[in-house]
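Chemist: Chains as they are written, first to last, in the numbering used here: chain D, 1 to 373; chain S, 1001 to 1372.
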Amino acid sequence: MSGTQKMIKRFFSILMLIALLFQSGCAFKDIDKRIFVLGIGIDPSETVEDGFRVTLKLAKPAGEVKAEAAQGFTHLAHDAESIAEAIRDMETHVDKKLEMGHNRSIVLNKELLSKDMDTFMDYFTRRADIQMITYVAVAEKTAEETVSFAPDTEPPATIALYNFFDNTGTESPYVLTTFLFEFRREVLSKGINTVLPIIDFNEEQKHFIVNKSIVLKWGEEPVELTQVQTKYFNSLINNVSNFTYKIEEDNLHLVLHIDEVKMKYQIILDEGETPRIDMKITKVGVISESTKRLNNSDLKKYDKIAADDIKKKVMDLLTTLQENNVDPFGFGLRYRATRLSHKDTIDEWNRIYPEIEFNVTMDINLKSTGAVE
Amino acid sequence: MSRFLFYLILVNMLTNMVSLTPRILIAGNNSGTVLALVLALPVGMILTYMIISLFSRFPGQDLPEILKLHVPKWIATPVLLFLALCWYLAGLSTLVIYTFIIFRFLTPEMSIYTIVLTFVFVVTYGILMTTRNILYMSEIVILIVVPFIVFIQIKGYLSPSLKWDYVRIAVMHINHLPDYAAFSTSLYIVIGVANLIIFNRYFTKLKKPSRKGMVLLTVVCTFILFTTYFLPIGFGGFDSLNNVLYPWIMTSDSIRMKFGVIERIVFIFIGAYLALSVISMTIHWHVSIQLLSSIFHFKRLKWKSYNLTIPFFIVCFWIVAMFSATRMTVDNLYKSVEIFDKYFLPILLFLLIGSLLLAKKRGASNCPELKK
């Protein structure tokens, strides 16, 4: 290598090292110049026609978390014709930059669900800084109240709404989680309907209640699932554990605790027969409470009793969904996924689905009577 | 097969996972992308085999040298010029798309000039290195970065949010005739071995590819090509991805590290791919500048005893890069990459293999005593 070449290289390496000096971190805006948005609520506006009322839950800047006695949250709300306009206006209401990158929850008002969802959800998927793993939920009351509600169990620097859905805090079959990317793909796909959890809260006792869900239908009234239906749906689709089930027989009360749920199904279209879905469900668990002394050799009997009863509940869920013509399980997707594509696949499915029969095989497998007999 | 050959192919494949390739593939998801992928793999592997075995006849020589020895100049010059242009454009498209990605996702407040300049500085340093050092550098970067990428992909495949039904719907579109744009784009991904036109300088003992090497290469190519197309569909849905500009960024944003240091995986992902893109650009522009300097040598352009031909080309590279990164829109870029893949790539491969075959034939007839 010649001397000049060496010199040029040296020049470039020094130039690059100097470039490091310009790196000031945080993309040129320090953390004290930003305020973090932790939740976004969307309601229909009462003052602006066809507009939205957007509520932002903001983290109050605090010097030290340990010194804080109460939650450090505040909220901002504003009415505008679109989400982007509302947020742009709110930028003039705080002295700091609204930082959306840490937002993990979007709460929607129930009334908005039957409207055109593109008008308000587009903003969230179009913006690059909003995470696709944001939780989407529906408010039982209004989104503004839900977002700004502070439960008693929420110490400083934790956010109850995140803990509910991220499966690291509470884990319950009643709590359904829908991420923004799931919401997007399911709303825009043919052959599946989106399910969103419903967040309610108890004003007097100051806590959230998340145990119901709602199935969206594009441009139509959504279908609400009851607490029990939510539990069954969630345990089947997400294989959620911690599923408890109560059996009553004669004067015996048993509570089962299911740790493992497996669900498989197949769409069977035979010539001359009504189309049917064969669903096989396997649940493995233990007995967690009983009013009598139990015998381990009788487990098979309890299996049978539980299976018959749970099967009825699952059938009830499936037929309710079918009657309302919604398909949160994505049977339509499976139908498309098992046939070579052609133009009318989805129309065919829409004809088949209202008439399809369900054939559920339930297999309960109790492993023991718990720690005692 | 030398491991450095693998790196050349691997860098090209991985960099294109995030760029416009998945979007071109997904644009054809209702027509013939699946069959195009299936076709592109064997075609790509056969071409790779041909290129390696042709170059193994000329150990340690790059294409300009080979052509100078065996082919008349009036053929060699336009061929080399065209190849140089292709390689420059390949590097440029990587530069522009990664500039857009950084601008959109990492530093939205930074000036686009700063981003391009940072890239261009690092890459300029890279292309001035010797061919051998570039290979060593790519080895280091690959060793650091590939574990992250493999981890993210495994994480994606194991995620409960990945819905296989969407992937199966995509596979069920196999009954359409292959889509040409998707075919040429997937061919471009697997044909990274074409970088040998300059990098053959390093391979003084290049042998014909062994069966084991080809099998390994095919497996890796299949995995990466299919991941590029199917994993975004599993996360983003089949009907809903057509209007997504960066399907892979969206996919990596959908993968969640529940107990990771950071929950949002997309930043690790972009970081890893940035490193790879720098290597990819360095390789492409190194090839381009070496080809150019083999054609043109301005004797007058001198500063003291140092010839300024290469710096002159580098400045040209900078100006074009800066101009295109600031003026182009995502749509312009998409259309130009599509044109590049559709028309430039087949011509490029044809010229490359044709001129090598010609050189081989001429070489054999010029020195018949060697044959015996």
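Note that CB positions come from ideal geometry on N, CA and C, so glycine has one too.
With a floor of 3 residues, list each beta strand (DSSP E) that falls wholly inside the stretch 217-284 of chain D, ordered by position along the chain.
Modeler: Runs found: 223-225, 243-249 and 252-268.
Chemist: Taking 8 Å as the threshold, find out whether the stretch 279-299 of chain D comes into contact with the stretch 185-193 of chain D through three or more Cβ pairs.
Modeler: no
Chemist: Could you list which residues in chain D have their beta carbon closer than 7 Å to that of residue 1240 of chain S, in chain order?
Modeler: 184, 185, 188 and 189
Chemist: Thinking just about the alpha-carbon of each residue, which of S:1306, S:1282 and S:1233 is nearest to the one in residue 1132 of chain S?
Modeler: S:1282
Chemist: Could you check the C-alpha separation between residue 40 of chain D and residue 106 of chain D for me, to the nearest Å?
Modeler: In this structure, the alpha-carbon of residue 40 of chain D lies about 5 Å from that of residue 106 of chain D.
Chemist: Exposed or buried, which one is residue 1325 of chain S when buried takes at least 16 other CB atoms within 10 Å?
Modeler: buried
Chemist: Judging by CA-CA distance, which residue of S:1352, S:1034, S:1268 and S:1121 is the nearest neighbour of residue 1153 of chain S?
Modeler: Looking at the Cα atoms, S:1268 is the closest of the given residues.
Chemist: Closer than 9 Å, CB to CB, is residue 1300 of chain S near chain D or not?
Modeler: No, residue 1300 of chain S does not count as interfacial toward chain D.
Chemist: Let me confirm a value: residue 279 of chain D is counted as buried when at least 16 other C-beta atoms fall within 10 Å, else exposed. Which label applies?
Modeler: Per the 10 Å Cβ criterion, buried.
Chemist: So, is residue 1259 of chain S buried or exposed, given that buried needs 16 or more other C-beta atoms within 10 angstroms?
Modeler: exposed
Chemist: Under the rule that 16 or more other beta-carbon atoms within 10 Å means buried, what is residue 1317 of chain S, buried or exposed?
Modeler: buried
Chemist: Considering only the alpha carbon of each residue, which of D:115, D:90, D:181 and D:214 lies closest to residue 134 of chain D?
Modeler: D:181
Chemist: With 9 Å as the threshold, decide whether the Cβ of residue 1208 of chain S is near any Cβ in chain D.
Modeler: no
Chemist: Express the C-alpha separation of residue 331 of chain D and residue 338 of chain D in angstroms, rounding to a whole number.
Modeler: 11 Å
Chemist: Specify whether the stretch 1037-1051 of chain S and the stretch 1163-1170 of chain S touch according to this definition: at least 3 beta carbon pairs, one from each stretch, less than 8 Å apart.
Modeler: The answer is no - the stretch 1163-1170 of chain S does not touch the stretch 1037-1051 of chain S, with fewer than three Cβ pairs under 8 Å.
Chemist: For the stretch 1111-1136 of chain S, which residues have a beta carbon sitting closer than 9 Å to at least one beta carbon of chain D?
Modeler: 1114, 1117, 1118, 1121, 1122, 1124, 1125, 1128, 1129 and 1130
Chemist: Kindly indicate which residue of S:1336, S:1151, S:1114 and S:1323 has the alpha-carbon position closest to the one of residue 16 of chain D.
Modeler: Residue 16 of chain D has its Cα closest to that of S:1114, out of S:1336, S:1151, S:1114 and S:1323.
Chemist: Is residue 1017 of chain S close to chain D? Criterion is C-beta to C-beta, closer than 9 Å.
Modeler: no
Chemist: Alpha carbon to alpha carbon, what distance is there between residue 1284 of chain S and residue 1090 of chain S?
Modeler: 7 Å
Chemist: Roughly how many angstroms lie between the CA atoms of residue 342 of chain D and residue 20 of chain D, to the nearest whole one?
Modeler: 56 Å
Chemist: Can the beta-carbon of residue 34 of chain D be found closer than 9 Å to that of residue 98 of chain D?
Modeler: yes
Chemist: Using the beta-carbon of each residue, which ones in chain S are nearer than 7 Å to residue 132 of chain D?
Modeler: 1250, 1253 and 1254
Chemist: Residue 1262 of chain S to residue 311 of chain D, Cα distance in whole Å?
Modeler: 41 Å
Chemist: Opposite residue 1158 of chain S in the DSSP bridges: which residues?
Modeler: In the DSSP output, where bridge partners are listed per residue, residue 1158 of chain S has none listed.
Chemist: Give the straight-line distance between the Cα atoms of residue 1249 of chain S and residue 252 of chain D, rounded to the nearest whole angstrom.
Modeler: So the two alpha carbons sit approximately 55 Å from each other.
Chemist: Using CA coordinates, which residue listed in D:158, D:203, D:197 and D:205 is at the minimum distance from residue 212 of chain D?
Modeler: D:197
Chemist: Please state if the CB of residue 368 of chain D and the CB of residue 295 of chain D are separated by a distance shorter than 9 Å.
Modeler: no
Chemist: With the cut-off set at 9 Å, would you say residue 1130 of chain S and residue 1280 of chain S are in Cβ contact?
Modeler: no
Chemist: Judging by CA-CA distance, which residue of D:317, D:123 and D:150 is the nearest neighbour of residue 230 of chain D?
Modeler: D:317
Chemist: Looking at the unbroken alpha helix (DSSP H) that takes in residue 1280 of chain S, where does it start and where does it end?
Modeler: 1266-1295 is the extent of the alpha helix (DSSP H) around residue 1280 of chain S.
Chemist: Is the shortest distance between the beta-carbon of residue 29 of chain D and the beta-carbons of chain S less than 9 Å?
Modeler: yes
Chemist: Return the first residue and the last residue of the alpha helix (DSSP H) that residue 44 of chain D is part of.
Modeler: Per DSSP, residue 44 of chain D belongs to no alpha helix (DSSP H); it is in the beta strand (DSSP E), 34-44.
Chemist: Please give the ranges of any alpha helix (DSSP H) in the stretch 145-205 of chain D, keeping only runs that are unbroken, at least 4 residues long and fully inside the region.
Modeler: Look at the stretch 145-205 of chain D and you find these whole runs of alpha helix (DSSP H), each 4 residues long or longer: 160-165 and 180-188.
Chemist: State the Cα-Cα distance for the pair residue 1343 of chain S and residue 5 of chain D, rounded to the nearest angstrom.
Modeler: About 38 Å.
Chemist: The alpha helix (DSSP H) spanning residue 213 of chain D covers which residue range?
Modeler: It is not in any alpha helix (DSSP H) - residue 213 of chain D instead sits in the beta strand (DSSP E) that spans 207-215.
Chemist: Return yes when the Cβ of residue 1286 of chain S is within less than 9 Å of the Cβ of residue 1066 of chain S, no when it is not.
Modeler: no
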